[in-house]
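**Student:**
Protein chains: 4
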Amino acid sequence: MRGMRMSNSIGTIFRVTSFGESHGRCVGVVVDGCPAGLRLSTEDIQGELDRRRPGQGSVSTTRAEGDRADLLSGVFNGHTTGAPICMLVWNEDRDSSGYEARRWTPRPGHADYTAHVRYGGFNDYRGGGRFSGRITAGFVMAGAVAKRLLSDALGVEIIAHSKEIGGLRASDLGVDAIRMNAQGNPVRCGDPEAAERMVESIMKASAEGNSLGGVVECHALNLPPGVGGPVFDTLEGDLAKALYAIPGVKAVEFGLGQEISRLKGSESNDEYAMKDGRIVTRTNRAGGILGGLSDGMPVTCSVAFKPTPSIGRAQRTVDIETLEEVTIEIGGRHDPCIVPRAVPVVEGMVAVVLADHAIRAGLIPTVMEVER
Amino acid sequence: MRGMRMSNSIGTIFRVTSFGESHGRCVGVVVDGCPAGLRLSTEDIQGELDRRRPGQGSVSTTRAEGDRADLLSGVFNGHTTGAPICMLVWNEDRDSSGYEARRWTPRPGHADYTAHVRYGGFNDYRGGGRFSGRITAGFVMAGAVAKRLLSDALGVEIIAHSKEIGGLRASDLGVDAIRMNAQGNPVRCGDPEAAERMVESIMKASAEGNSLGGVVECHALNLPPGVGGPVFDTLEGDLAKALYAIPGVKAVEFGLGQEISRLKGSESNDEYAMKDGRIVTRTNRAGGILGGLSDGMPVTCSVAFKPTPSIGRAQRTVDIETLEEVTIEIGGRHDPCIVPRAVPVVEGMVAVVLADHAIRAGLIPTVMEVER
Amino acid sequence: MRGMRMSNSIGTIFRVTSFGESHGRCVGVVVDGCPAGLRLSTEDIQGELDRRRPGQGSVSTTRAEGDRADLLSGVFNGHTTGAPICMLVWNEDRDSSGYEARRWTPRPGHADYTAHVRYGGFNDYRGGGRFSGRITAGFVMAGAVAKRLLSDALGVEIIAHSKEIGGLRASDLGVDAIRMNAQGNPVRCGDPEAAERMVESIMKASAEGNSLGGVVECHALNLPPGVGGPVFDTLEGDLAKALYAIPGVKAVEFGLGQEISRLKGSESNDEYAMKDGRIVTRTNRAGGILGGLSDGMPVTCSVAFKPTPSIGRAQRTVDIETLEEVTIEIGGRHDPCIVPRAVPVVEGMVAVVLADHAIRAGLIPTVMEVER
Amino acid sequence: MRGMRMSNSIGTIFRVTSFGESHGRCVGVVVDGCPAGLRLSTEDIQGELDRRRPGQGSVSTTRAEGDRADLLSGVFNGHTTGAPICMLVWNEDRDSSGYEARRWTPRPGHADYTAHVRYGGFNDYRGGGRFSGRITAGFVMAGAVAKRLLSDALGVEIIAHSKEIGGLRASDLGVDAIRMNAQGNPVRCGDPEAAERMVESIMKASAEGNSLGGVVECHALNLPPGVGGPVFDTLEGDLAKALYAIPGVKAVEFGLGQEISRLKGSESNDEYAMKDGRIVTRTNRAGGILGGLSDGMPVTCSVAFKPTPSIGRAQRTVDIETLEEVTIEIGGRHDPCIVPRAVPVVEGMVAVVLADHAIRAGLIPTVMEVER
């Protein structure tokens, strides 16, 4: 049977390489190309990691992962050295007992079947292996470095929240409301009222052995104009590529997204104006990007996640050894809705892409200017 | 003012490099990494190019471009040699007269302002220069090579059509209907009835000095399972990145796309079954991709375009020299709706990405097996 | 039979893509990632191209190539735009008559056999096709852009000459002597006396139907310290890789090169000193590179070329169709010694690599600062 | 002060990313793109690592490193999974006490000064940090995977030895002699008699507080013809780039190397012949490479190392804080000659490059064919 090669690196100068498996020894990343002299500590990484930790309240898996960031290289005396930064999280609470039994019966909606085909059956199938949502712990660690870099060098802030869960949509909110409210509820939604209904909906789905999807909305503030890399390395293209690496993503759009295709040109163009001595647009339907380049307005995107494929119901599949149709039921501990935990992952991947592009734009010095 | 570097190449092994400007001497591409021994002629390239040619009927620009494919290297005795294939289209009907006058007043919705910031004013601003839709002539030429390769080596077929224009949506169609009908109407829509309404809607918008957007839907048939490159080089991610290089794209989604985020897990999972001795899914909500890898079902995506930003109405902008707010009107010859001409461009970019991934998957030999 | 893919691009940010064949329509390059605002004209390119032109005196081929640089994109109003620069030379004096006859009998020392294996016989075999020294016309054009960039942005100067031909070695010369003398003789040697003997030696070899090799020595002056990209993208490594792309190169060394391996540590270390307020080394045995990074001293390398494999003598080979051993004689117009014409090619490739690394080092702005 | 970014990855499909510092917590690598289904165990890695271990006899440093390979990901049930393989060696015997004192006085011949400039003083200067020879432990681990892959898939064997130390040159040896003898003496030389003199010479230099350099010669056997990637990714170019990543290398040559430039064409061309039904060359002056592609003969290269720059003698340098000229003496435990320990490192880097190119050539399946 045929297989294929993985490509576990992303970025051109600020470059992230992912490794590790759900039920192996660890998941981690190597971040290469970070400028020297950036203040960075294990606590910086841990803070972001804590935001994606499972076991927080009733809406997520009960797998109890301590998820302690372990910083192996690239930081010396509290600053980055310019050398590659290797960070990982050791896997502790691994219960692999159930996976052997269902090795040959791929779960619908998971990568079990496609991974089996690709790697000729040699893939680590326990808990999805390389295809588990757990690898996003590494994405968050890389994102923590990128966020710190963007913040220290350019004052860029990245804020995401759950815009929609199970079809329940938050009201349209300014970034201030999101920043204030999103961390105060278990679904990480900027609209507290909608958040309550989302929680109820998740619990109801969970009780029914079902799962929900949703949409994460993300804003990047203060990015200077002119960042991006036409014609192929557009901001939209590189952000979309990075976001599609998060398991479960099925749509990525910018600004008004698909809605803008239903407007007329006179309704969709963002006109220019002067404000406080700067060129701005009067509206931001384009999501801060024109011609693949930032225009100085907030960069906004929406990322749609399908419902968690692991559900507590009987499902039809095929035994890939005997090629017989069979019915399976999936046990294990799973999130009925992955969206809240995906919020810091989306922020992290957006940060990784913007850090790379800001460096390519010459906006970040190769050695940070710090007082010593 | 700062600027930044372009990145005009895409792909890992089957690699496309774009060059040229709207009002320069030519637009073209170099395709590197194509297997040797592929039958290829200028006519193959020309056939695809003709499908995107402007000046076809009432719905597009009157700029009369002959757009003759010129094949400069990499083909010998009717077959590819394995060497880079340089192809270009010479620019003939260039009317650059109007552009000097509006050099300093960026058009809303265009890349005029962001390109100016990025290149410190050195960019070729005539007709959008590097940011013009005209560069997609090169994408189509590269796509023609990729399509031929996918077809000859794997029997993969790629079919797109205009799914929606100005909010008017075609009915849900099978691929056979699209293949039969889409080339028979000026809007390239697989639903002839919807096509008529779309044409009317475009002509109405055009008469009002306005423009429309829309959605192109694309299907890739017969792709074997296991193609793609997790964790970062997913099929979705690489397709999205390539599609966002087409000017005007603001959303890319796969399978049910954003709609799948509103379903429950029990409604969104595609169950497996056996059919004619092959493992298939009973539904294809995931658009033929799981874990970033093809699952053997048709790969389907939707690409949303914003309305053409060039409209015949007064618009407010800023003079970037004087920093004063001004009002402009844009003349010139523009498409009131770019969507029909984008159909072969979407097909071409999808083909380029799938060709690269199929090669990476080991599915295409490095020398084509041909009878000689 | 198996084949493989070419990789016709080099560089990370300042990136060169080569295309074209010896007896096809043209040879050319696309240079991507050049900063905007660099003064550049066809004459700049032509000047370098003229230095490698054949037909100059008795020591090179009589193939009469006008070799006019044709600049297709990326330059507007006398400056680079930041868009990809496509440049080519049209092939004019093509005499392909002799190649069909010896298609199946690979010439010893040429790439005929290896190219045939790799491309399954689909390669353009006329005049070596993609493997001809003629593709270095493209290298020289890319080098001309890189030289101009290095010179305007950093004052870096790159000077090469023929250090050795047919075992005849020039005396050790300072850069000033090389600059003054190397262009004044047909072998491009900085030592006029040695040059005379080299010319005689080439003419003698030519008369005997034989050929000579030699060594090109290259110096890059004024490169600031800290340029390079450990651990893998060292200056030595990237320069060597670029130089090995020139047909016929068999050894690349830096500073004292292989000689340094025969010294003791106390004889080979370059001690530091202060000079005019700058840190310098008292000697330059390391060739200006430590730890893969420039140290501020001249970067010096030596590139050894094997003798031209085309000789006017009977040689034994194998008919790859019949697998019989046969004897061939090669006609055609060939350089008895390629070294003099390789001098600007070596300079060009060194310039391409240093331009890329200087950009990566943050030493060259993304938009050139020019008076307008 | 300016700095720059590192690039710590090499390879296109079989891709190695290096991390770690001499006196940090570990040194390691991530190997991405290895086919699934390759038999691989910690013992395979350890075996290669043991060959470069210091503390073996009188000719190397007394730093006592256990250097136990720790395999973190990518291997499951004794086979590679196709996922990235993270391997590292924890640093145990770290004595960093001496480094603070000489932080500001760069050692001649080391990267202390260039690294300081590049990273603005943020680099981990202890023991050379990222520039230490210790990072080659990672190269050897990656090389162990590559060797296993080349051997299992293609029967390729890679054998190096110390050809020359301190100017003492081994006699010309066949590969069989090298294979039999090189591991049996502390200098890893295939010529036992020369080995004795080399040992004496090293001990004498060591006693005098001095150091020696030398040349490692490497042979790769059984590589099929047609492997390599013109025009820029030549076998010579990619091997040279990889080899220059080993600290101390100053010359890389292939086949006869610089010597071939002193021959005539009639003396340097390798004529073809038939042998056992295969096309071979009668001689191998080109080192098995023509046009950047393997020709089926053994690929041979020579790698020259400068003497270890750490010597026990007073040396002049500059205090980079005060800019005053000063004299330093270096203590610590250093190898008087690094060449013997570099033998497995050279083999490893050659293996990494050949594995990548063999995969690119389509010669290695994406899933290994194994009996299960």
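Chains as they are written, first to last, in numbering that gives the first Met the number 0: chain V, 0 to 371; chain P, 0 to 371; chain G, 0 to 371; chain X, 0 to 371. Every residue gets a Cβ at the ideal spot worked out from N, C-alpha and C, and that includes glycine.
#1: Rounded to whole angstroms, how far is the Cβ of residue 353 of chain P from the Cβ of residue 198 of chain P, which I believe are closer than 8 Å?
#2: For chain V, check one thing: does any of its Cβ atoms lie closer than 7 Å to the Cβ of residue 11 of chain X?
#3: Quick check on residue 326 of chain P: does DSSP put it in helix, strand or coil?
#4: Let me know the secondary structure DSSP gives residue 263 of chain V once reduced to three states.
#5: When you check each C-beta in the segment 302-321 of chain P against every C-beta of chain V, which residues fall closer than 8 Å?
#6: Assign residue 268 of chain P to one of two classes, buried (16 or more other C-beta atoms within 10 Å of its C-beta) or exposed (fewer than that).
#7: CB-CB under 6 Å to residue 19 of chain V, same chain, minus the five flanking residues each way: which ones, in chain order?
#8: Go through its chain and collect everything with a Cβ distance to residue 74 of chain G's Cβ below 8 Å, but skip five positions before and after it.
#9: How about residue 218 of chain P: is its C-beta nearer than 7 Å to some C-beta of chain G?
#10: Taking the CB atoms as reference points, tell me whether residue 373 of chain G and residue 227 of chain G lie closer together than 7 Å.
#11: Compare the beta carbon distance of residue 326 of chain V and residue 294 of chain P with 7 Å and say whether it is the shorter of the two.
#12: Check whether the Cβ atoms of residue 252 of chain G and residue 250 of chain X lie closer than 7 Å to each other.
#13: Residues of chain X with CB closer than 9 Å to the CB of residue 82 of chain V, please, in chain order.
#14: Counting only beta-carbon atoms, is residue 2 of chain V nearer than 7 Å to chain G?
#15: Pull out every residue of the segment 280-293 of chain G whose Cβ sits closer than 9 Å to any Cβ of chain X, in chain order.
#16: Listed from N- to C-terminal order along the chain, which residues in the segment 211-239 of chain V have their beta-carbon within a distance smaller than 9 Å of any beta-carbon of chain P?
#17: From residue 321 of chain V to residue 279 of chain P, what does the alpha carbon distance come to, in whole angstroms?
#18: Report back the beta-carbon spacing between residue 201 of chain G and residue 164 of chain G to the nearest angstrom; my notes put them in contact at under 8 Å.
#19: My understanding is that residue 329 of chain V touches residue 309 of chain V, with C-beta atoms under 8 Å, so please give their C-beta distance in whole angstroms.
#20: Quick check on this structure: which residue in V/266, V/21, V/169 has the alpha carbon closest to the alpha carbon of residue 127 of chain V?
#21: Sort out for me which residues DSSP pairs residue 103 of chain P with in a bridge.
#22: For residue 23 of chain G, does the three-state DSSP call read helix, strand or coil?
#23: Please confirm whether residue 160 of chain X has its beta-carbon closer than 7 Å to some beta-carbon of chain V.
#24: So, with DSSP's three-state summary, where would you put residue 274 of chain X?
#25: Excluding five sequence neighbours on each side, which residues of the same chain lie with their C-beta closer than 8 Å to the C-beta of residue 115 of chain X?
#26: Given 8 Å as the limit, is there contact between the segment 144-163 of chain X and the segment 206-222 of chain X, that is, 3 or more CB pairs closer than that?
#27: Assuming contact is defined by CB atoms lying nearer than 7 Å, are residue 118 of chain V and residue 35 of chain X in contact in what I supplied?
#28: Is it the case that the CB of residue 121 of chain X approaches a heavy atom of the ligand ATP more closely than 6 Å?
#29: Among all the DSSP beta bridges, which residues are the ones paired with residue 350 of chain X?
#30: With a cut-off of 7 Å, does the C-beta of residue 198 of chain G fall near any C-beta of chain P?
#31: Apart from the five residues on each side of it in sequence, which residues of its chain come closer than 8 Å, Cβ to Cβ, to residue 8 of chain G?
#32: Looking at chain V, which residues of the segment 251-265 of chain P have a Cβ within less than 8 Å of any of its Cβ atoms?
#33: Rounding to the nearest angstrom, what Cα-Cα distance links residue 152 of chain X and residue 187 of chain P in this structure?
#34: Taking CB distances under 7 Å as the criterion, tell me whether residue 85 of chain V reaches chain X.
#35: If the cut is a Cβ gap below 8 Å, which residues of chain X does residue 95 of chain G touch?
#36: For residue 47 of chain V, count neighbouring Cβ atoms within 10 angstroms of its own Cβ and tell me buried if that reaches 16, exposed if not.
**Tutor:** The answer reads as follows:
#1: By one-based count along the second sequence, residue 353 of chain P stands at place 354. By one-based count along the second sequence, residue 198 of chain P stands at place 199. That pair is no contact at about 31 Å.
#2: Residue 11 of chain X sits at position 12 when you count from the first residue of the fourth sequence. False, the Cβ-Cβ gap to chain V never drops below 7 Å.
#3: As a working mapping, residue 326 of chain P is identified with position 327 in the second sequence. It is a strand residue.
#4: As a position in the first sequence, residue 263 of chain V is number 264, starting the count at 1. Note: residue 263 of chain V maps to strand in three-state DSSP.
#5: 303, 304, 305, 306, 307, 308, 309, 310, 312, 314, 315, 316, 317, 319
#6: Locating residue 268 of chain P in the second sequence gives position 269, counting from the first residue. So residue 268 of chain P counts as buried.
#7: Position 20 of the first sequence holds residue 19 of chain V. Within the same chain, residue 19 of chain V has close Cβ partners 25, 26, 27.
#8: Within the third sequence, the letter at position 75 stands for residue 74 of chain G. The answer, listed in chain order, is 39, 40, 80, 84.
#9: The residue you call residue 218 of chain P lines up with position 219 of the second sequence. Chain G contact via Cβ: absent.
#10: Given a span of 0 to 371 for chain G in the structure shown, any question on residue 373 of chain G remains unanswerable.
#11: The residue labelled residue 326 of chain V in the question sits at position 327 within the first sequence. The residue labelled residue 294 of chain P in the question sits at position 295 within the second sequence. No, the pair does not count as a contact, with Cβ atoms beyond the cut-off.
#12: Here residue 252 of chain G refers to the residue found at position 253 when the third sequence is read from its first residue. Here residue 250 of chain X refers to the residue found at position 251 when the fourth sequence is read from its first residue. A contact, by the Cβ cut-off of 7 Å.
#13: For the purposes of this step, residue 82 of chain V is taken as the residue at position 83 of the first sequence. Simply 5, 7, 18, 19, 20, 23, 118, 122, 123, 128, 129.
#14: Working through the first sequence from its first residue, we reach residue 2 of chain V at position 3. Note that residue 2 of chain V scores a pLDDT of 39, beneath 50, so its modelled location is shaky and nothing firm can be said.
#15: 280, 281, 284, 285, 286, 288, 289, 290, 291, 292, 293
#16: 211, 212, 213, 214, 223, 224, 225, 226, 227, 228, 229, 230, 231, 232, 233, 234, 235, 236, 237, 238, 239
#17: Sequence index remark: in the first sequence, residue 321 of chain V carries index 322 (1-based). Sequence index remark: in the second sequence, residue 279 of chain P carries index 280 (1-based). About 15 Å.
#18: Residue mapping note: residue 201 of chain G aligns to position 202 of the third sequence, counting from 1. Residue mapping note: residue 164 of chain G aligns to position 165 of the third sequence, counting from 1. Indeed, because the Cβ distance is near 7 Å, the residues count as touching under 8 Å.
#19: Counted from its first residue, the first sequence places residue 329 of chain V at position 330. Counted from its first residue, the first sequence places residue 309 of chain V at position 310. The pair is a contact, with the Cβ atoms about 5 Å apart (cut-off 8 Å).
#20: By 1-based counting over the first sequence, the position of residue 127 of chain V is 128. The shortest C-alpha separation from residue 127 of chain V is found at V/21.
#21: As a working mapping, residue 103 of chain P is identified with position 104 in the second sequence. Bridge partners of residue 103 of chain P: none, in fact.
#22: The count along the third sequence starts at 1 and reaches residue 23 of chain G at position 24. Looking at residue 23 of chain G - three-state DSSP - the assignment turns out to be coil, as it is neither helix nor strand.
#23: On the fourth sequence, position 161 is the one that residue 160 of chain X refers to. No, because no Cβ of chain V sits closer than 7 Å to the Cβ of residue 160 of chain X.
#24: Start at 1 with the first residue of the fourth sequence, and residue 274 of chain X comes out as number 275. The answer is strand: DSSP assigns residue 274 of chain X an E or B state.
#25: Within the fourth sequence, numbered from 1, the residue matching residue 115 of chain X stands at position 116. Hits under 8 Å: 105, 122, 124, 319.
#26: yes
#27: For the purposes of this step, residue 118 of chain V is identified with residue 119 of the first sequence, where counting begins at 1. For the purposes of this step, residue 35 of chain X is identified with residue 36 of the fourth sequence, where counting begins at 1. Yes. Within cutoff.
#28: In terms of ligand content, the structure shown is empty, and the ligand ATP therefore cannot be addressed.
#29: Start at 1 with the first residue of the fourth sequence, and residue 350 of chain X comes out as number 351. DSSP output for residue 350 of chain X lists no bridge partner at all.
#30: Position 199 of the third sequence, counting from 1, holds the residue named residue 198 of chain G. Closer than 7 Å: no.
#31: Indexing the third sequence from 1 puts residue 8 of chain G at position 9. If we look at residue 8 of chain G and ignore the five residues flanking it on each side, its Cβ neighbours are 14, 15, 16, 17.
#32: 251, 252, 253, 254, 255, 256, 257, 259, 260, 261, 262, 263, 264, 265
#33: Against the fourth sequence, residue 152 of chain X aligns to sequence position 153. Against the second sequence, residue 187 of chain P aligns to sequence position 188. The alpha-carbon atoms of residue 152 of chain X and residue 187 of chain P are separated by roughly 49 Å.
#34: For the purposes of this step, residue 85 of chain V is taken as residue 86 along the first sequence, with counting starting at 1. Yes, its Cβ sits closer than 7 Å to a Cβ of chain X.
#35: Here residue 95 of chain G refers to the residue found at position 96 when the third sequence is read from its first residue. Within 8 Å Cβ-Cβ: nothing; residue 95 of chain G doesn't reach chain X, min ~19 Å.
#36: Numbered from 1 along the first sequence, position 48 holds the residue referred to as residue 47 of chain V. By the 10 Å Cβ count, residue 47 of chain V comes out buried.
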